[in-house]
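In the numbering used here, the protein residues as written are -6 to 274.
Backbone N, C-alpha and C define an ideal beta-carbon position, used for all residues, glycine too.
Note that the structure is predicted; figures quoted are calculated from it, not measured.
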């Protein structure tokens, strides 16, 4: 049988560039050199050229204790097929560096990507940052503190770490919301009891940075999340709205923390619509 197929609505080809080193850290007692990497999923055309694509930066979760820039690569290819460059970024975790190394790393990665925009076909003026759980905390905090000196390293110092918007899955958005009377997940970030560190508690709390004129933020949260209570993200959402910022909140009915219900096309479609709107504006 001979069959003719008429091509239509063609998706771009996708390339996977892995283990791209963007900075180095030293471990505890300055004994180890730790290379931090990012992975890129890039759309390209039939003539094997990268064009200026908007960029989605993704930060994995892991309670600030572990993180892998590979976990969601297969899923993130969805956005590359829609014309977005995607970077999955590794960052310092509790095993080697405490706060604020993780937020410094994320901002360094943004500057690295801007510095290499021509090489990787990235539009440096169109960047959305997103993440899940601990990664969502770092994503929204990054979006709310553009070019803040306290969180900047010397790497790629001529570049900006500002972004156009943020997307947060099950975000720990308020340090005052606990899982129960005895445990606050932010204890994991500072390697201690956050209740006894009021200055540090304020510094890591996204609510501390709410003001007018912030970039748009989209939240997703499971209605049955028992690890990061929905109030933690909602408090941040409401504070952003109260200051006149754009923010949207999607409740995933019946979903728990890191639930499979998030890894679905209906979530990705909501993300894509938000990204397109924000970057168009």
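CA-to-CA, the gap between residue 78 and residue 164 works out to about 23 angstroms. For residue -3 and residue 4, the gap between their C-alpha atoms comes out near 19 angstroms.
For residue 16, the pairing in a beta bridge is given by DSSP as 29. Residue nearest to residue 37 within the set 273, 46, 30, 29 is 46 (criterion: CA-CA distance).
For the pair residue 83 and residue 35, the CB atoms are not nearer than the 8 angstroms cut-off.
In this structure, the CA atom of residue 200 is about 13 angstroms from the CA atom of residue 131. Judged by beta-carbon spacing, residue 193 lies beyond the 8 angstroms limit of residue 233, meaning their Cβ atoms are not closer than that value.
Within the same chain, Cβ atoms closer than 6 angstroms to the Cβ of residue 261 are found at 71, the five residues on either side in sequence being excluded. In the three-state scheme derived from DSSP, where H, G and I count as helix and E and B as strand, residue 133 is classed as helix. For a cut-off of 8 angstroms, the C-beta gap from residue 85 to residue 18 is around 6 angstroms, short enough to register as a contact.
By the C-beta density criterion, residue -5 is exposed, having fewer than 16 other C-beta atoms within 10 angstroms. Here residue 53 is buried, its C-beta having at least 16 other C-beta atoms within 10 Å.
The Cβ neighbour count for residue 255, taken over all protein chains shown within 10 Å, is at least 16; the residue is labelled buried. Counting along the chain, residue 273 sits inside no beta strand (DSSP E); it lies in the alpha helix (DSSP H) bounded by residues 258 to 273. Comparing C-alpha distances from residue 172 to each of 116, 218, 139 shows the shortest one belongs to 218. For the beta strand (DSSP E) assignment, the uninterrupted runs of no fewer than 3 residues enclosed by the stretch 21 to 102 are, from N- to C-terminal side, 26 to 37, 46 to 52, 78 to 82.
For residue 123, the three-state secondary structure derived from DSSP is strand.
Residues of the same chain with a CB within less than 6 angstroms of the CB of residue 246, apart from the 5 flanking positions on each side, are 216 in chain order.
Spanning the alpha carbons of residue 271 and residue 50 requires a straight line of approximately 15 angstroms. Residue environment for residue 9: exposed (fewer than 16 other C-beta atoms within 10 angstroms of its C-beta). Linking residue 236 to residue 110 through their CA atoms gives a straight-line distance of about 33 angstroms. If you draw a 10 Å sphere on the C-beta of residue 97, you find 16 or more other C-beta atoms in it, and that means buried. The Cβ neighbour count for residue 176, taken over all protein chains shown within 10 Å, is under 16; the residue is labelled exposed. Distance from the CA atom of residue 167 to the CA atom of residue 242, rounded to whole angstroms, is 15 angstroms. When secondary structure is reduced to three states using DSSP, residue 108 falls in the helix class. Around the beta-carbon of residue 205, fewer than 16 other beta-carbon atoms lie within 10 Å, marking it exposed. In the structure shown, residue 6 falls within a strand segment according to DSSP collapsed to helix, strand and coil. One thing to note: residue 73 has its Cβ no nearer than 8 angstroms to the Cβ of residue 156.
A residue is called buried once 16 or more other Cβ atoms fall within 10 Å of its Cβ, and residue 152 is buried on that count.
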